[in-house]
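Here the working numbering is used: the first residue of the sequence shown is 140, the next is one more, and so on.
Built from N, CA and C at the ideal position, the CB exists for glycine as well.
For reference, the structure discussed in these notes is given below.
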Amino acid sequence: MRKFVAVVKREYLQRVRSRMFIVTTILLPLMMALFGIVPALVLSINAGGASRIAVVDQTGKLFSRFQSAVAEEEGIETPSSMPNTVRNLPAATPPRIDSPNDVTLRNVSDPSRTVDELKNELDQQLRKKEIDGYVLIPADFIAVGKARFFRGNSSDFFISRRLRNALTRTVREQRLIDAHVDPATVRELDKPVDLVATRVSTTGEVRDSAAGFAFVFGIGLIMYISVLLYGQVVLGAVIEEKETRIAEILFSSVKPFTLMIGKLVGVSFVALTQLAIWGIAVVSLGAYGISVLASRGIPASIPRLPFVFYIYFVLFFLLGYYVYSTLYALVGSIVTTAQEGGQLAMPIILLLAVGFYLFLPVSRNPDSTFAFWVSLFPFFAPITMLMRIITQTPPFWQIALSLGIGFSTILLLTWLASKIYRIGMLMYGKRATIPEIVRWLRE
């Protein structure tokens, strides 16, 4: 036991004191803040003036209604006295994430001129950057529903989506009016509805949002990256000890099984330490980021989870870590170089990747038969069962069964890996073949 503790202590302190541990511990929370908060702030920046859009309305009766629809897409109340432009947002109105630029509409319809003449003139204005784009509404648009938008900037999809939504509302209203429906009734019928999604669980009712899906995806991604990262650490450590022949010295005083288990446990403590630091940093940066986003008028929140969920996260992380790290240790003991180790580790990486990609069907239907069975499979359970717990917690017996199967698999893999590890670590010159591995298991 004393030698086991010594191995665990050596693995833990050696890696916690390394520069790579310090750098990754600091860098990951900053990267998460960079990719989580900064894009929302950047998208809310108005990088220029309002987009100048010319409109050729050949129907002769859609422009004013189209203008009002665009203003409503911006979240602005358009008074009846507003001129033929869409006004800028008031200073007190916060910008929307999906509406970084305002739109100015100008009616350039001229019945005395042909469409080709108007189009040629607008193309010249577009090339000279006098306008940012123009909408061509044909005379049969109300019946056919096909218009064309010409622009100089091919990457601003916000404007295209806004104009398309506004045109859809406009033509729908006009069709109702042409069907002799009262305009007041048209406005009343066209009022949007507000559907509030609420998640009902044993802890009560919680308002659902898009952030819930992002949170589920983030948890799955963290589990995937963490297990993959620390499995690679175990693989690299085993190959290094084999290449430098340190294993021969260690085996003279420590049993191979004790050395392997001590290495796995020591690295798992390193992983838990780093995850705890990351968790504290992410919560702190998240609270600050939410306050910054709220000051910009961008709604955001951190989903609240019961404390037992964090216990489940630790248990399933340890389950995934020991399952895959044991396989990594086995691969490291039978190869001779890091290159061979990377090649043999590809099936392990693919197996873990499949478990990660299953998060979507599992999170969408957590109580399905498919979700039940993949959450019991020990190589997928660290991600799939955790997704079920977060989205719609299954009965406790299913969670306990998944953990029981998983940790039983760890014991079996550890027993098999220890028999291969004992001989493979002392083998040099060539990679072990499958018949040799089978022979080691029989001994």
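Original post:
Under the DSSP definition of a beta bridge, which residues are partnered with ARG191?
Top reply: THR243
Original post:
In chain order, what residues of the same chain have a beta carbon less than 8 Å from the beta carbon of ILE487, not counting five sequence neighbours either side?
Top reply: GLY370, TYR463, LEU466, TYR467 and VAL470
**OP:** Count the C-beta pairs between the region 270–277 and the region 189–207 that are closer than 8 Å, then say yes if the count reaches three, no if not.
**Re:** yes
Original post:
Taking C-alpha atoms, which residue in LEU306, ARG301 and LYS268 lies nearest to ALA286?
Top reply: LEU306
**OP:** May I ask you to report which of helix, strand or coil DSSP gives PHE396?
**Re:** helix
Subject >> PRO574, buried or exposed, once every other Cβ within 10 Å from all chains shown has been counted against 16 >> reply: Label assigned to PRO574: exposed.
Original post:
Which residues in the same chain have their Cβ closer than 7 Å to the Cβ of ALA410, if we skip the five residues on either side of it in sequence?
Top reply: When the five nearest sequence neighbours on each side are left out, the beta carbons in the same chain lying within less than 7 Å of the beta carbon of ALA410 are those of SER365, TYR369 and TYR460, in order along the chain.
Subject >> Local conformation of ASP317 per DSSP, three classes >> reply: Of the three classes helix, strand and coil, the one that applies to ASP317 here is helix, per DSSP.
**OP:** Check the C-beta distance from PHE280 over to VAL310 and give it rounded, since I have them as a contact under 8 Å.
**Re:** 7 Å
Original post:
Can you give the beta carbon distance from PHE143 to ILE400, rounded, assuming they're within the 8 Å contact cut?
Top reply: 7 Å
Original post:
Rounded to a whole number of angstroms, what is the C-alpha to C-alpha distance between SER190 and ASP321?
Top reply: Going by C-alpha positions, SER190 is about 33 Å away from ASP321.
Subject >> Proximity of TYR363 and ILE522 at Cβ, strictly below 9 Å >> reply: yes
Original post:
Rounded to the nearest angstrom, how far is the Cβ of VAL406 from that of ARG154, given a contact under 8 Å?
Top reply: 7 Å
**OP:** Can you grab the Cα-Cα spacing for the pair SER507 / GLY199, in whole Å?
**Re:** 55 Å
Subject >> Classification of GLY480 by the beta-carbon crowding that lies within 10 angstroms, buried from 16 upward >> reply: buried
Original post:
Which one of ILE316, ALA318, PHE511 and LEU552 has the shortest CA to CA distance from TRP536?
Top reply: PHE511
Original post:
First and last residue of the beta strand (DSSP E) that includes ILE276?
Top reply: 272–276
**OP:** Quick one: grab the DSSP three-state call for ASP262.
**Re:** Secondary structure of ASP262 (DSSP, three-state): helix.
Subject >> Beta-carbon gap between PHE408 and VAL147 smaller than 9 Å >> reply: yes
Subject >> Nearest residue (CA-CA) to PHE448, options ASN259, PRO533, THR253 and GLU312 >> reply: PRO533
Original post:
Does the separation of the CB atoms of ASP249 and LEU261 fall below 9 Å?
Top reply: no
Original post:
I think VAL377 touches SER472, with their Cβ atoms under 8 Å apart; what is that distance to the nearest whole Å?
Top reply: 6 Å
Subject >> Buried or exposed (CB count within 10 angstroms, at least 16 for buried), GLU380 >> reply: Taking a 10 Å sphere around the C-beta of GLU380, we find 16 or more other C-beta atoms and assign the residue as buried.
Original post:
How many Å lie between ALA210 and LEU201 at the Cα?
Top reply: 14 Å
Original post:
Where does the unbroken alpha helix (DSSP H) through PHE498 begin, and where does it stop?
Top reply: 498–503
Original post:
In the region 479–565, which residue ranges form an unbroken alpha helix (DSSP H) of at least 4 residues, counting only runs that do not cross its ends?
Top reply: You should have 485–496, 498–503, 508–513, 520–530 and 535–563.
**OP:** Report the partner residues of PHE289 according to the DSSP bridge assignment.
**Re:** PHE289 pairs with TYR273.
**OP:** Note down the Cα distance separating THR164 from ARG158, rounded to an integer number of angstroms.
**Re:** 10 Å
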